[in-house]
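Here is the structure we will look at.
2 protein chains.
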Amino acid sequence: MRINRSSAMDQAKRERIEAKGWKVGTVSDFLELTPEEVILVEIKLALSQSLKERRQKLMTQTELASKMSSSQPRIAKAENGDASVSIELLIRAMLATGATPQEIGQVIIGVG
Amino acid sequence: MRINRSSAMDQAKRERIEAKGWKVGTVSDFLELTPEEVILVEIKLALSQSLKERRQKLMTQTELASKMSSSQPRIAKAENGDASVSIELLIRAMLATGATPQEIGQVIIGVG
DNA sequence: CAACTTTATATCAGATATGATATAAATACG
DNA sequence: CGTATTTATATCATATCTGATATAAAGTTG
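Quick note, the sequences are listed as chains A and B, same order.
Read in the working numbering, the first sequence has 89 at position 104, and its numbers run on one by one without any break.
Read in the working numbering, the second sequence has 36 at position 51, and its numbers run on one by one without any break.
Take a look at the structure:
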């Protein structure tokens, strides 16, 4: 996938990525992210979204937090794609909702 | 997949997992890991191994480290499944070798 | 074998992610 | 409406992960 500043699709993607503090350094310009960094952020956002959908069907943020000895605010951040949340936590949360490696792998594949 | 202490497969898996400092707390007993924790470790080990295979075909640890502004020792740890390496770094390294989300997702699916 | 390249191990100061807590905002619902 | 539940935001001390450095060990090649 090529990064093209002017296309409508990339415009939307850029807005999604920049929404929650996803900036590199001080300047918030899409082109300051390498392609690899963009993919990494997209993976995080995809996991976030999938987590939110799964969790909402099953339990509250507080319940999930206690299942994985985390805190409700951290789950909120995870579901909102906050930049301070690691992939590790996202995957731990997915697993705590009962997600299998298959499902997690599919989410990542869906980024491509 | 069920965890069964006495089966030969789990014996082998346990040894793989415990090899590089993967212990919970002070006691190194397989059963102190929750099923979710086991899966998480397995995901890390699978990424480690895949990274090592990909990297070896393409470049040295030093080259990969410089590509992703990391260090050779950290790449060594990543490839050896050291417990101090985050999934985040493993995925960043995979991407730096040119891996796509498809390939990364497949590795995780392979854990199931 | 020796010189060279590559990988592994040890240490550490700084950066980043963490759970906890307080509380505000939003949502559900009687 | 008001009240209870759920989710979001802010702050913070601590734990974990990080790249850097030094150096040892292993592997390669002449």
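Where is the CB? At the ideal position from N, CA and C, for every residue including glycine.
Mapping the DSSP letters down to three states, classify Gly97(B) as helix, strand or coil. Coil.
Does the beta carbon of Ile(-12)(A) sit closer than 8 Å to a beta carbon anywhere in chain B? With a pLDDT of 34 at Ile(-12)(A), under the threshold of 50, the predicted position of this residue should be treated as unreliable, and no value is reported.
Rounded separation between Val23(B) and Gln41(A) - CA only: Taking the straight line from one Cα to the other gives about 25 Å.
Closest by C-alpha distance to Ile2(A), when choosing among Gly97(A), Asn65(A), Glu73(A): Answer by Cα proximity: Asn65(A).
Check whether the Cβ atoms of Ala68(A) and Lys5(A) sit closer than 8 Å, and answer yes or no. The answer is yes: Cβ separation under 8 Å.
Can you find the residues in the same chain that come closer than 7 Å, C-beta to C-beta, to Ala81(A), ignoring five residues on each side of it along the sequence? So the qualifying residues of the chain are Leu49, Lys52, Met53.
Contact criterion: CB-CB distance below 8 Å. Does Gln87(B) meet it with respect to chain A? For Gln87(B), the answer is yes, since a Cβ of chain A falls inside 8 Å of its Cβ.
Unbroken alpha helix (DSSP H) run spanning Thr47(B), endpoints: Counted as a single uninterrupted DSSP element, the alpha helix (DSSP H) harbouring Thr47(B) occupies residues 46 to 52.
Contact belief for Ile76(B) with Ile72(A) at Cβ below 8 Å, rounded distance in angstroms: About 6 Å separates the two Cβ atoms, so the contact holds.
Can you round the beta-carbon distance between Glu27(A) and Val96(A) to whole angstroms, since I take them to be within the 8 Å contact cut? Confirmed, about 5 Å.
Which residues, in order along the segment 73 to 87 of chain A, keep a beta-carbon less than 8 Å from a beta-carbon of chain B? The segment 73 to 87 of chain A vs chain B, Cβ under 8 Å: Glu73, Ile76, Arg77, Leu80, Ala81, Thr85, Pro86, Gln87.
Residue burial classification, Glu21(B) (beta-carbon count within 10 angstroms, cutoff 16): So Glu21(B) ends up on the buried side.
Below-8 Å beta-carbon distance, Gln91(A) vs any chain B residue: Closer than 8 Å to some Cβ of chain B, the Cβ of Gln91(A) qualifies, so yes.
Can you find the residues in the same chain that come closer than 6 Å, C-beta to C-beta, to Ala84(A), ignoring five residues on each side of it along the sequence? Correct list: empty, nothing qualifies.
Would a check of beta-carbon distances place Glu21(B) closer than 8 Å to chain A? True, the Cβ-Cβ gap to chain A drops below 8 Å.
Own chain, CB closer than 6 Å to Ile60(B), minus 5 neighbours either side, in chain order: Correct list, in chain order: Gln46, Leu49, Ala50.
For Ala31(A), which residues from the same chain have a beta carbon less than 8 Å from its beta carbon, with the 5 sequence-adjacent residues on both sides left out? The beta carbon of Ala31(A) sits closer than 8 Å to the beta carbons of Val92, Ile93, Gly95, Val96 from its chain, once the five residues preceding and following it are set aside; these are given in chain order.
Pick out the complete alpha helix (DSSP H) segments inside the segment 68 to 95 of chain B, 4 residues or longer, and give them in chain order. Fully enclosed alpha helix (DSSP H) runs of no fewer than 4 residues occupy 72 to 81, 86 to 94 of the segment 68 to 95 of chain B, in order along the chain.
If you count every other CB in all the chains shown that lies within 10 Å of the CB of Ser33(B), and 16 or more means buried, which is it? Flag for Ser33(B) reads buried.
Rounded C-alpha distance that separates Leu74(B) from Glu17(A): Looking at the two C-alpha atoms, the distance is approximately 20 Å.
Spatial distance of Arg39(A) from Thr19(A) (CA atoms): Approximately 30 Å, taken between the alpha carbons.
Of the residues Glu0(B), Met79(B), Pro86(B), Gln87(B), the one placed nearest Leu43(B), counting alpha carbons only: Between Leu43(B) and the set Glu0(B), Met79(B), Pro86(B), Gln87(B), the nearest pair of CA atoms involves Met79(B).
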